[in-house]
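Student:
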C-alpha cells in the first residue's frame, strides 16, 4: 500500500507540472508573444505532465501492476543500473563541458566558453556538496 501512495504522489507532481506549463503558456500569450521560449517550455511541461499522469493512472488501477512496478523499482540490479547511468551522464556532461570551454576559448569565442566554464564550476560545486552530504549520511 505504501508504494501505491508513492505512485499517487507522482501523479500529483505531474499534475503540478502540467498546470505550471499552462501558466507558462498563459504568460507567453499575455506578456511575451515575441519570445517563443515560454511557449515551447510550457507545451513540453503540459505534454509530459499529461503523459506521465496517464501512465501513473494506468499503473495504479491494478494491484498486480503496482506490485510489478514496485519490484522493478526496488530490484537491486535495476537500482545499480540507474545509479551507474546517472554517474556516466554526469561524467560525460562534465567532460564535454570542459572540452567545449577549452576549444571555444582557443577559437576566440570567450563568451560561449565562459558559459561552459561556469557550468563546469557549478557541477563541480554541486558534486562536492552532494559528496559531503552522502559521506555524512553513510
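Numbering (the working numbering), first residue to last: 2 to 139.
All C-beta atoms, glycine included, are put in the ideal place defined by N, C-alpha and C.
Note that the structure is predicted; figures quoted are calculated from it, not measured.
Going along the chain, which unbroken runs of the alpha helix (DSSP H) with 4 or more residues stay wholly within the stretch 46-108?
Tutor: 64-75, 77-107
Student: How far does the alpha helix (DSSP H) with residue 37 in it reach, from first residue to last?
Tutor: That residue, residue 37, is in no alpha helix (DSSP H); it is neither H nor E in DSSP.
Student: Looking at C-beta atoms only, is the number of pairs between the stretch 25-36 and the stretch 85-103 that lie closer than 8 Å three or more?
Tutor: no
Student: Using a Cβ-Cβ cut-off of 8 Å (strictly less than) and excluding sequence neighbours within five positions of residue 25, which residues of its own chain qualify?
Tutor: The residues are 39, 40, 42, 43, 46.
Student: Is the stretch 4-17 touching the stretch 47-63, taking contact as three or more C-beta pairs under 8 Å?
Tutor: yes
Student: If you measure between the beta carbons of residue 114 and residue 106, is that distance less than 8 Å?
Tutor: In this structure, residue 106 lies closer than 8 Å to residue 114 by Cβ.
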